[in-house]
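Structure, as C-alpha cells:
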Amino acid sequence: MPIRAAHVNELTALRDIERAAGICFRDIGMPEIADDEPLTLGELGRYQRAGMAWVSVDAADAPVAYLIADRVDGNLHVEQVSVHPDRARRGIGRSLLEHLAGLAARDGVPALTLTTFTEVPWNAPYYARCGFRLLDEGGLTPGLREIRARESEHGLDLWPRACMRRDV
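Position one of the sequence shown corresponds to residue -14 (the working numbering), numbered consecutively onward.
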C-alpha cells in the first residue's frame, strides 16, 4: 500500500484508526489502553506540520494506518504506529516502519527508537521481528528516560514496558 505524508484533513481519520486499533487491548485484559483517548487533533497536527506523520493509504487514497515520529537524542522515535484492524496482518505496520528507517538512513539518523509493552504479542515481540532490540537501563538516553517517565505518569506502567532500538 502506498505511504505518503499525512494531510491535515486526515487527522480525524488517524484518531479513528487509533481507536479501532486499541480495541484489541480489551481482549487481553488491558481495557484502560482500549479506552485511552488518541492524541488530540492539535497534537496530531503538530506532527503533521513538522513533516513527522505518514499514512498508508488504500486504493481510494484513504488512510488505513499511520505512523508519527519525533526526533529524540539524535534518533527518530516512533511515537505511534497504528493499523486499522480491518487491514491488520498484511505488513502495513512493517512497511511504515521501513519507510521511517529509509528516511532515517537518507538523513544520516543512526537509529529508530520506541517504547512498547513487552508482553503484548503485537508490541515488543512484533518489533523484535522488525529488527528492534530491547534496551536495558544502561542503553536509555536522557530523552528515552523522559518519555518513560511521562508514560509512567500516564499510568502505562501498570503493564511491563520497555524501550527498543533499531540501528539504521
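Virtual Cβ for every residue (Gly too), placed ideally from N, Cα, C.
Ala(-10) has Trp39 as its beta-bridge partners, per DSSP. Proximity to Leu99 across Leu(-4), Arg151, Ala45 and Ile2 peaks at Arg151, based on C-alpha coordinates.
Inter-segment contact for the stretch 113 to 122 and the stretch 48 to 60 is absent: fewer than three beta-carbon pairs are separated by less than 8 Å. Ala35 sits away from Ala(-9), with the two beta carbons spaced by 8 Å or more. The beta carbons of Met(-14) and Asp71 sit about 13 Å from each other, so the pair does not count as a contact at 8 Å. Residue environment analysis places His69 among the buried positions, since at least 16 neighbouring C-beta atoms fall within 10 angstroms of its C-beta. Bridge partners of Ala54 according to DSSP: Val63.
Tyr51 is the residue among Ala86, Pro110 and Tyr51 whose C-alpha sits nearest the C-alpha of Ile77.
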